[in-house]
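Structure first, commentary second.
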Amino acid sequence: MKKSLLLNVQSLVAAALVSLTAGVQPLSAQETTLTLNKADFSVPTWTKLLRASKAADGKLPYSINMTINGDPSSQLGFAWFTNPTSEKGMVQIVKKANATEKDFEGSIITQDATIEHVSVNYLVDANKVDAGIESKTDMAYTSHKALVDKLSPGTTYSFRVGMPGAWSEIGSFTTAKNDKSAYSFIYITDTQAQYDEMFDVSQKTIHAAQRLVPDAQFVLCNGDFVETTGATKTADVDKNFSSEWEWEQWFSTMQDVWMQKPLVPAQGNHDRSVRDSNFAKHFNTDNSFNENSSAKTAMDGTIYSFVYGDALFMVINYEDYSAEGYFDELKAWMREQVNAHKDVKWRIATYHKNMFTGSNSHQDDADGKAVRAAMLPIFDELKIDLALQGHDHIYEVIGPVSNTAKTLVADAVQNVEVVGQPGARENMTGKKGGVFNVKDGTLYFLNNSAGKKKYEPRNEAAMIASLDKHEVANYWGLFSGKFGQTGEPTFSRVNMSTDKIEIETYTVNDLGEPSLFDSFTVVKDDATANTSVLKSAQVTVAPNPASDVIRIDGVIADKVEIFSMNGDLVKVARNSNEVNVSSLATGMYVVKITAENDLFFSKVMKK
Numbered sequence: 037m038k039k040s041l042l043l044n045v046q047s048l049v050a051a052a053l054v055s056l057t058a059g060v061q062p063l064s065a066q067e068t069t070l071t072l073n074k075a076d077f078s079v080p081t082w083t084k085l086l087r088a089s090k091a092a093d094g095k096l097p098y099s100i101n102m103t104i105n106g107d108p109s110s111q112l113g114f115a116w117f118t119n120p121t122s123e124k125g126m127v128q129i130v131k132k133a134n135a136t137e138k139d140f141e142g143s144i145i146t147q148d149a150t151i152e153h154v155s156v157n158y159l160v161d162a163n164k165v166d167a168g169i170e171s172k173t174d175m176a177y178t179s180h181k182a183l184v185d186k187l188s189p190g191t192t193y194s195f196r197v198g199m200p201g202a203w204s205e206i207g208s209f210t211t212a213k214n215d216k217s218a219y220s221f222i223y224i225t226d227t228q229a230q231y232d233e234m235f236d237v238s239q240k241t242i243h244a245a246q247r248l249v250p251d252a253q254f255v256l257c258n259g260d261f262v263e264t265t266g267a268t269k270t271a272d273v274d275k276n277f278s279s280e281w282e283w284e285q286w287f288s289t290m291q292d293v294w295m296q297k298p299l300v301p302a303q304g305n306h307d308r309s310v311r312d313s314n315f316a317k318h319f320n321t322d323n324s325f326n327e328n329s330s331a332k333t334a335m336d337g338t339i340y341s342f343v344y345g346d347a348l349f350m351v352i353n354y355e356d357y358s359a360e361g362y363f364d365e366l367k368a369w370m371r372e373q374v375n376a377h378k379d380v381k382w383r384i385a386t387y388h389k390n391m392f393t394g395s396n397s398h399q400d401d402a403d404g405k406a407v408r409a410a411m412l413p414i415f416d417e418l419k420i421d422l423a424l425q426g427h428d429h430i431y432e433v434i435g436p437v438s439n440t441a442k443t444l445v446a447d448a449v450q451n452v453e454v455v456g457q458p459g460a461r462e463n464m465t466g467k468k469g470g471v472f473n474v475k476d477g478t479l480y481f482l483n484n485s486a487g488k489k490k491y492e493p494r495n496e497a498a499m500i501a502s503l504d505k506h507e508v509a510n511y512w513g514l515f516s517g518k519f520g521q522t523g524e525p526t527f528s529r530v531n532m533s534t535d536k537i538e539i540e541t542y543t544v545n546d547l548g549e550p551s552l553f554d555s556f557t558v559v560k561d562d563a564t565a566n567t568s569v570l571k572s573a574q575v576t577v578a579p580n581p582a583s584d585v586i587r588i589d590g591v592i593a594d595k596v597e598i599f600s601m602n603g604d605l606v607k608v609a610r611n612s613n614e615v616n617v618s619s620l621a622t623g624m625y626v627v628k629i630t631a632e633n634d635l636f637f638s639k640v641m642k643k
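Going from the sequence shown to my numbering is simple: count from 1 and add 36.
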């Protein structure tokens with residue numbers, strides 16, 4: 037006898053909850069009835085279909101996550117999606133680790149959610165979803181958000197979200213202690229997946245991080261959760277569509293992790309969408325910046341702060357930098373956060389789009405230059421210790437940087453190990469490790485990406501050739517630690533204490549196995565800090581323009597190198613402050629001067 041299963045299939049099939057059952061409330065007005073024959077499927081697939089048909093419930097929550105929202109010792113944000121409903125979901129919490137369903141029959145904390153009806157584009161052609169769903173088709177959801185407060189510090193809770201008869205699996209979390217004790221967190225960025233194979237890479241990375249750092253208090257993700265960027269201007273909404281399917285895969289392929297670890301999400305450029313605002317619909321973060329600012333971010337909840345232990349974290353959004361008054365509002369907000377927490381030792385800024393980078397893809401970007409011009413003075417004023425970056429898909433340890441001079445702070449780097457000749461793709465500087473003293477500058481760090489997509493690092497000549505674009509005189513000299521392309525996805529374990537910050541970065545192979553790539557330590561120590569920073573302005577090159585000989589004044593030169601604007605080395609002079617340039621062709625050149633254990637840069641016009 038031919039066995040078949042008659043199914044009423046939603047027009048939208050979410051990866052986290054493949055609903056194959058009659059009577060399910062559809063996510064659009066259309067339902068499709070399918071007759072599936074057992075002979076058409078493998079035994080494992082048929083079994084999955086049978087199990088799904090019996091377990092499906094249109095009210096079940098999906099895309100569930102926790103976010104730090106306010107004081108992490110006493111409150112936590114929750115968010116999830118369901119199929120369209122007018123019923124408000126809720127969070128139920130019990131003060132117990134590893135709770136069972138029976139535990140929720142006793143003394144519990146219950147918080148009703150606020151709901152928002154959401155209609156967003158479901159998928160795009162690049163998602164490679166062969167399900168008969170046309171791209172650029174809107175699907176409907178209900179977004180549920182709840183903020184639970186009055187929690188006890190340093191306490192482990194179990195939770196579930198949903199509504200009676202349709203509860204999620206049981207998750208757990210531990211609130212922060214209300215002291216300055218040590219803790220760890222996981223730092224990732226740029227999972228940036230678009231189709232199944234890419235999501236497999238990112239989920240292996242995050243699961244490897246979960247296994248290696250089971251005690252992590254939260255996961256900080258510096259943007260570009262997904263690949264497909266929606267329209268960033270209202271005029272383009274019919275051209276550029278976001279992909280809710282990608283967001284569903286992001287949550288579903290790692291849902292077990294997000295049931296155990298709160299997120300600290302930062303918005304990336306690929307997370308933008310003026311039409312659908314998927315990022316804002318999915319995450320429940322503090323929105324006080326937009327509530328109190330005259331220059332608001334395009335999406336709510338993309339600028340916020342919190343204190344955890346002895347560190348102030350400021351999550352920053354540079355995507356809306358071009359809005360009138362935006363930088364002024366952002367800088368005022370940062371001052372408020374620092375002034376409100378002067379007793380906290382560490383000041384950490386975390387954001388997606390880089391301020392310094394050696395990536396061939398983005399080092400010359402105009403928006404990066406604009407952000408540096410606006411934000412380096414406030415980083416200097418507020419003494420930002422550590423900047424965690426995203427966007428560039430390479431590994432780079434930069435600084436500590438004197439933010440006003442855009443130079444390396446003198447005597448701030450110790451114990452860096454030289455492990456090879458500079459120039460290798462995986463280690464352009466030939467360095468690893470180190471202790472970085474941020475007393476007088478900011479350490480800028482990017483740990484590559486937690487996904488498949490990778491970019492290429494630049495060499496010194498390429499950085500010199502692009503001086504006119506990035507306007508950082510000795511860019512190469514800022515790369516004080518390891519710098520290169522890991523070739524595999526990465527995550528970092530960040531160990532926080534009052535005395536130091538330890539950062540270990542791991543690559544993850546195709547089997548999901550982690551390997552240590554680099555580790556270093558951040559300190560803030562008066563004893564070894566040195567505020568003297570040599571500036572290029574101390575050195576002059578004359579005459580300019582020059583015809584025959586140029587003269588270096590201000591230092592005693594050990595070596596003078598002259599580069600064309602293409603980055604080609606065209607002239608070298610040693611132990612001399614005069615260089616004959618008569619043989620050079622007419623044009624602009626970059627002059628690199630090595631003197632007094634430092635580097636200086638200038639430009640000269642050969643006439």
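Backbone N, C-alpha and C define an ideal beta-carbon position, used for all residues, glycine too. Computed from a prediction, not measured in an experiment: that's the story for all the values here.
What separation, rounded to the nearest whole angstrom, lies between the Cα atoms of residue 404 and residue 503?
Taking the first residue of the sequence shown as 1, we reach residue 404 at position 368. Taking the first residue of the sequence shown as 1, we reach residue 503 at position 467. Between residue 404 and residue 503, the C-alpha separation is close to 14 Å.
Taking residue 393 as the reference, which of 165, 510 and 186 has the closest Cα?
Taking the first residue of the sequence shown as 1, we reach residue 393 at position 357. Closest option to residue 393, Cα to Cα, is 510.
Curious, which full-length alpha helix (DSSP H) runs of at least 4 residues does the region 289-346 contain?
Runs found: 291-294, 314-318 and 324-328.
Is it the case that the region 227-240 contacts the region 170-185, given that we only count it when at least three CB pairs across the two stretches are under 8 Å?
Not touching, per the Cβ criterion.
Classify residue 73 as buried or exposed, calling it buried when 16 or more other Cβ atoms lie within 10 Å of its own Cβ.
In the sequence shown, counting from the first residue as 1, residue 73 sits at position 37. Counting Cβ neighbours within 10 Å, residue 73 comes out exposed, since fewer than 16 surround it.
Tell me whether residue 564 sits in a helix, a strand or coil according to DSSP, three-state version.
Here residue 564 is taken as the residue at index 528 of the sequence shown, counted from 1. The predicted model places residue 564 with a pLDDT of 46, which falls under 50 and marks its position as unreliable; any figure quoted below should be read in that light. Note: residue 564 maps to coil in three-state DSSP.
Could you give the uninterrupted runs of the alpha helix (DSSP H) lying entirely in the region 154-209, keeping only those of 4 residues or more?
Here no run is fully enclosed.
My output table needs one value for residue 352: the three-state DSSP class, helix, strand or coil.
On the sequence shown, position 316 is the one that residue 352 refers to. Correct three-state label for residue 352: coil.
What residue ranges within the region 428-515 form continuous beta strand (DSSP E) runs of no fewer than 3 residues, ordered along the chain?
Listed in chain order, they are 431-438, 471-473 and 478-483.
Taking the C-alpha atoms as reference points, what is the distance between residue 211 and residue 497?
As a first step, residue 211 must be located in the sequence shown, where it is residue number 175. As a first step, residue 497 must be located in the sequence shown, where it is residue number 461. Approximately 49 Å, taken between the alpha carbons.
Please report the straight-line C-alpha distance between residue 312 and residue 583, rounded to a whole angstrom.
Locating residue 312 in the sequence shown gives position 276, where the first residue counts as 1. Locating residue 583 in the sequence shown gives position 547, where the first residue counts as 1. Distance between the alpha carbons of residue 312 and residue 583 is about 60 Å.
Counting only runs of 4+ residues fully inside the region 206-281, write out the alpha helix (DSSP H) ranges in chain order.
Taking only runs of at least 4 residues, the alpha helix (DSSP H) segments lying wholly in the region 206-281 are 232-248.
Based on the DSSP output, what are the partners of residue 614 in its beta bridges?
Here the question's residue 614 lines up with position 578 in the sequence shown. For residue 614, which the question treats as bridged, DSSP gives the partners 587.
Within 10 angstroms of the Cβ of residue 644, are there 16 or more other Cβ atoms? Answer buried if so, exposed if not.
No answer is possible for residue 644: it lies beyond the span of the chain, which begins at 37 and ends at 643.
Which of helix, strand or coil does DSSP assign to residue 601?
Residue numbering aside, residue 601 sits at position 565 when the sequence shown is read from its first letter. The answer is coil: DSSP assigns residue 601 none of H, G, I, E or B.
Since residue 249 and residue 529 should fall inside the 8 Å C-beta cutoff, what is the C-beta to C-beta distance between them, to a whole number of angstroms?
The residue you call residue 249 lines up with position 213 of the sequence shown. The residue you call residue 529 lines up with position 493 of the sequence shown. Confirmed, about 5 Å.
For residue 528, which of helix, strand or coil comes out of DSSP?
Residue 528 sits at position 492 when you count from the first residue of the sequence shown. Three-state result, residue 528: strand.
Let me know the beta strand (DSSP E) ranges lying completely inside the region 74-112, each 3 residues or longer, listed in chain order.
Entirely contained in the region 74-112, the beta strand (DSSP E) runs reaching 3 residues are, in chain order, 98-103.
Going by beta carbon distance, what residues of the same chain come within less than 6 Å of residue 162, once the five residues before and after it are set aside?
In the sequence shown, residue 162 corresponds to position 126, counting from 1. The residues are 230.
Helix, strand or coil: how does DSSP classify residue 643 here?
Counted from its first residue, the sequence shown places residue 643 at position 607. In this structure, residue 643 counts as coil in the three-state DSSP scheme.
Please name the residue, chosen from 131, 139 and 102, that lies closest to residue 114 on a Cα-to-Cα basis.
The count along the sequence shown starts at 1 and reaches residue 114 at position 78. Taking only the C-alpha atoms, the option nearest residue 114 is 102.
Let me make sure I understand the geometry here. Which of 492, 552 and 507 has the alpha-carbon closest to that of residue 637?
Position 601 of the sequence shown, counting from 1, holds the residue named residue 637. Ranking the options by Cα distance to residue 637, first place goes to 507.
Decide if residue 579 is buried, meaning its Cβ has at least 16 other Cβ atoms within 10 Å, or exposed.
Start at 1 with the first residue of the sequence shown, and residue 579 comes out as number 543. Classification of residue 579: exposed, given that the 10 Å Cβ count is below 16.
According to DSSP, which residues form a beta bridge with residue 628?
Position 592 of the sequence shown, counting from 1, holds the residue named residue 628. Beta-bridge pairing links residue 628 to 597 and 637.
Return the residue from the list 396, 631, 542 and 376 that minimises the CA-CA distance to residue 485.
Here residue 485 refers to the residue found at position 449 when the sequence shown is read from its first residue. The shortest C-alpha separation from residue 485 is found at 542.
In this structure, how does DSSP classify residue 417 when only helix, strand and coil are distinguished?
Taking the first residue of the sequence shown as 1, we reach residue 417 at position 381. Reduced to three states, the DSSP call for residue 417 is helix.
So, do the region 261-272 and the region 356-366 have three or more beta carbon pairs nearer to each other than 8 Å?
Verdict: no, contact absent.
Judging by CA-CA distance, which residue of 424, 423, 514 and 518 is the nearest neighbour of residue 454?
Taking the first residue of the sequence shown as 1, we reach residue 454 at position 418. Out of 424, 423, 514 and 518, 518 has the C-alpha closest to the C-alpha of residue 454.
From which residue to which residue does the alpha helix (DSSP H) around residue 364 run?
By 1-based counting over the sequence shown, the position of residue 364 is 328. 362-376 is the extent of the alpha helix (DSSP H) around residue 364.
Select from 286, 399, 467 and 127 the residue whose C-alpha is nearest the C-alpha of residue 200.
On the sequence shown, residue 200 is found 164 positions in, with the first residue counted as 1. That would be 127, whose Cα lies nearest to the Cα of residue 200.
How do the region 149-163 and the region 74-82 stand: do at least 3 beta-carbon pairs fall below 8 Å, yes or no?
Short answer: they don't touch.
How big is the Cα-Cα spacing for residue 639 and residue 493?
What you label residue 639 is simply residue 603 of the sequence shown in a count that begins at 1. What you label residue 493 is simply residue 457 of the sequence shown in a count that begins at 1. For residue 639 and residue 493, the distance between alpha carbons rounds to 24 Å.
For the beta strand (DSSP E) holding residue 555, just list the boundary residues, first then last.
Sequence index remark: in the sequence shown, residue 555 carries index 519 (1-based). First-last of the beta strand (DSSP E) with residue 555: 550-559.
What are the partner residues of residue 149, as DSSP defines its beta bridges?
Your numbering for residue 149 matches position 113 in the sequence shown. Looking at the DSSP assignment, residue 149 forms no beta bridge with any residue, so it has no partner.
Quick check: what's the CA-CA separation for residue 551 versus residue 586?
Within the sequence shown, the letter at position 515 stands for residue 551. Within the sequence shown, the letter at position 550 stands for residue 586. Approximately 50 Å between the Cα atoms of the pair.
Would DSSP call residue 425 helix, strand or coil?
As a first step, residue 425 is located in the sequence shown; it is residue number 389 there, counting from the start. In the structure shown, residue 425 sits in coil (DSSP, three-state: anything other than H, G, I, E or B).
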